[in-house]
Amino acid sequence: MSISEKDFEEGLSGLLKMLKSNSAKATFFIVAELVERHLNIFRQIAEEGHEIGLHSFYHKLIYKMTPEEFEKDTREGKKILEYSLNAKIFGYRAPSWSVHQERTPWFWEILKKNGFEYSSSISPFETHVYGDKKASRFPHFVETKFGRILEVPLPTCQFIVNVPFSGGAYFRTMPDFVRRFFESSWQKSGFPIFYYFHARDLGFEKKPRNMDFFPGLINYAGNSMAKKKFLRIASEVRCVGMHDVISRLINLLEK
């Protein structure tokens with residue numbers, strides 16, 4: 001069950017206020033089909049200086065699309081964001097981390113062809129829905145016939161398997177001392193950590209009344225504590241959008 005249009009916009013508004021009060025910037029990966037219904041709040045995001053990225057047009061899983069379907073979805077989604085929000089679109093995030101090196105090898109080439117500089121779409125942690133356990137854990141270049149594109153994977157810590165820790169249900173439900181341990185381990189790589197959230201992850205969206213138990217647990221458990229964790233992080237480090245650290249990542253990779 002989805003949330004109401006009103007709750008969706010109030011959630012984003014609350015998130016924007018929190019970011020502003022903590023002098024934090026972020027990248028908002030937006031599903032293009034939502035722009036017409038929520039134009040004002042999305043324009044506010046851009047006007048407040050946050051980066052806008054594409055999160056597909058219809059939020060379809062990448063590995064369930066053909067290359068032709070994906071290119072059409074991506075091209076049209078990028079065009080809508082650029083036109084409606086007056087934003088330059090540099091980055092792409094696949095719905096549900098649904099990119100796989102063997103199942104979707106054409107993914108990065110299509111992005112580069114359509115003007116994207118980076119993607120943050122692959123998860124080295126594998127589930128029945130998403131992930132590619134053979135994928136690199138760290139930012140890396142993908143070479144295409146249109147040039148190279150930067151892929152910034154979901155941050156994970158090696159602990160028997162690759163364990164995510166920086167967003168979503170992992171961030172919400174993980175004890176803070178465990179998260180800090182994983183962060184410390186990641187920082188040894190020299191790469192910055194990106195955190196990722198929906199507004200609901202930080203308690204800015206109301207849980208639908210009739211939501212089933214398991215979806216409610218996955219999507220809302222721990223959200224009040226997650227907000228406190230994020231505020232602690234924002235007080236300790238400077239939070240910026242992803243495009244602001246791309247040049248740093250490129251320099252690290254070219255050393």
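Residue numbers for the sequence shown, in UniProt numbering: 1 to 255. Heads up, the beta-carbon is just placed ideally off N, CA and C, and yes, glycines get one too. No experiment lies behind these values; they were computed from the predicted model shown.
{"Item": "Take residue 310 and list the residues in its own chain whose beta-carbon comes closer than 6 Å to its own, dropping the five residues that flank it on each side.", "Value": "An answer regarding residue 310 cannot be provided, because it is not within the stretch 1 to 255 covered by the chain."}
{"Item": "Compute the distance between the beta-carbons of Leu85 and Arg43, then report whether it is under 9 Å.", "Value": "yes"}
{"Item": "Can the beta-carbon of Ile30 be found closer than 9 Å to that of Glu205?", "Value": "no"}
{"Item": "Residues bridged to His140 by DSSP?", "Value": "Glu151"}
{"Item": "As a quick exercise: from Phe146, Val129, Leu150 and Lys88, pick the residue whose alpha carbon is nearest that of Phe136.", "Value": "Here residue 136 turns out to be Ser, not Phe, going by the sequence shown. Nearest option by C-alpha distance: Leu150."}
{"Item": "Please report the distance separating the alpha-carbon of Trp108 from that of Ser166.", "Value": "24 Å"}
{"Item": "Suppose you measure from the CA of Lys228 to the CA of Phe146; what does that come to, to the nearest Å?", "Value": "43 Å"}
{"Item": "Of all the options Ile160, Met242, Lys88 and Asn219, which has the alpha carbon lying nearest to the alpha carbon of Ile193?", "Value": "Met242"}
{"Item": "Does the separation of the CB atoms of Val152 and Tyr118 fall below 9 Å?", "Value": "yes"}
{"Item": "Are the beta-carbon atoms belonging to Leu253 and Pro139 less than 9 Å from one another?", "Value": "yes"}
{"Item": "According to the neighbour-count rule (16 or more other Cβ atoms, all chains shown, within 10 Å of its Cβ), is Asn219 buried or exposed?", "Value": "buried"}
{"Item": "By DSSP, does Ser119 sit in helix, in strand, or in coil?", "Value": "strand"}
{"Item": "Cys157 bridges to which residues according to DSSP?", "Value": "Val163"}
{"Item": "Is the beta carbon of Leu15 less than 9 Å from the beta carbon of Leu202?", "Value": "yes"}
{"Item": "On the DSSP letters alone, give me the boundaries of the beta strand (DSSP E) that Ile52 sits inside.", "Value": "Glu51 to Leu54"}
{"Item": "Within the same chain, show all residues whose beta-carbon is closer than 7 Å to that of Tyr196, passing over the 5 residues directly before and after it, in chain order.", "Value": "Ser166, Gly167 and Gly168"}
{"Item": "Excluding the 5 residues flanking Thr27 on each side, which residues of the same chain have their C-beta closer than 6 Å to its C-beta?", "Value": "Glu51, Gly53, Gly241 and Met242"}
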